[in-house]
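Going by our numbering, the sequence shown opens with residue 1, and the numbers climb by one from there. Beta carbons are placed, not taken as given, at the ideal position from N, Cα and C, and that holds for glycine. Owing to the predicted nature of the structure, the values given are computational and were not obtained by experimental measurement. One structure is given here, and the rest of the page talks about it.
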Amino acid sequence: MNPQAKLIFALSLTLGTTPTISSNHWIMAWTGLEINTLAILPLISKSHHPRAIEAATKYFLVQAAASALVLFSSMTNAWHTGQWDITQLSHPTSCLILTVALAMKLGLVPFHFWFPEVLQGSSLIVGLLLSTLMKFPPITLLYLTSPSLKPSVLMTMAILSTALGGWMGLNQTQTRKILAFSSISHLGWMAIIIAYSPKLALLNFYLYTLMTAAVFLSLNSIKALKLSTLMTTWTKAPSLNAILLLTLLSLAGLPPLTGFLPKWLIIQELTKQEVALAATIIALLSLLGLFFYLRLAYCATITLPPHTTNHMKQWYNNKPTNTMVAVLTTMSLMLLPISPIILAVV
């Protein structure tokens, strides 16, 4: 794909995201979602590999169905109330349909089946876009409509997402699929809190984006698509692998790293809202995610020969680490001490 085409698609992604997050009319938000979907499809299918074409087809079908449901929900609400304003969603049927539509857009359980397959068929950079930027417009719509949505439905979806994201990530050997299930699990944390504290859900999304970007770009730097490849990359970029270990632990939510901050605040807020049982369940389910993050970290840094992989060791890479990777990994590890400043800003 030539640079001009890439630039057009990148601008289209920006152009699609902007109206969705800034408009207060359902039609404009829907238009932005459609532009976003059409802009990412050529990036998913650019390799012309059958798996990439399959991923693009699955993505298009799911997103088209979700967009149709968003439109149907807004039209039903307008029919009953005469309101096209996003924040004025009040009809119960419209609220339920919108919850389903946004769950499909985001990949929340039980509408998660497309996400790991699409991520597996994409490159790491496109996978990063799908896991972060493409989830921003639906999260914004969820944020704007959160007072109208049923907390019980969101809580059920959240707990199921965290459980399935953890369970299904346990036996994966492909790094992209592991990160897809990681994303589903993190979305569970956002969904459970958005009805009680929408700002906290957005903070969680921002920090998740930061840490996921650091992991994806690190894996892209060392070209690791499978765990067996990851086992041999410590000879290629030892310092990057060591930092990758800490970034993965931050994504798992271990203190004193950045990833601990949103989990701590969410559990605290859920306890204040007197849903301590849900907080306990979701905290215990996050241990499943911790297991596969530790597995990734183990493969990246602690696996030394002799081991059973047949891959040859890679040449030591003397090139300096990408500045973006360095900045993102530093922020993924060291933001916890300045959490009072972050909370004051948010």
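For residue j and residue i, believed in contact at Cβ under 8 Å, the rounded distance
i	j	result
I266	I193	5 Å
A224	L230	4 Å
T17	P137	6 Å
T301	N241	5 Å
S67	I35	About 11 Å; that fails the 8 Å criterion.
W114	G107	7 Å
L284	A276	Not really, about 12 Å apart at Cβ, beyond 8 Å.
L336	P256	5 Å
Distance, residue j Cα to residue i Cα
i	j	result
M190	K199	10 Å
M157	V100	10 Å
C299	G127	21 Å
G169	L142	26 Å
A10	P42	11 Å
H91	T247	43 Å
T57	K272	44 Å
M324	F205	19 Å
D85	W26	6 Å
P29	T76	The displayed chain sequence assigns Ala, not Pro, to residue 29. Whole-angstrom Cα-Cα distance: 16 Å.
T132	A64	19 Å
T81	S23	19 Å
W172	I178	According to the sequence displayed, residue 172 carries Gln and not Trp. Each residue's alpha carbon lies about 6 Å from the other.
Collapsed DSSP secondary structure at residue i in the structure displayed
i	result
H25	strand
K58	helix
K226	strand
Q172	coil
Burial state of residue i (16 or more Cβ within 10 Å)
i	result
H49	exposed
L287	exposed
G253	buried
K105	buried
L61	exposed
T140	buried
Q4	exposed
P238	exposed
K6	exposed
V345	exposed
W79	exposed
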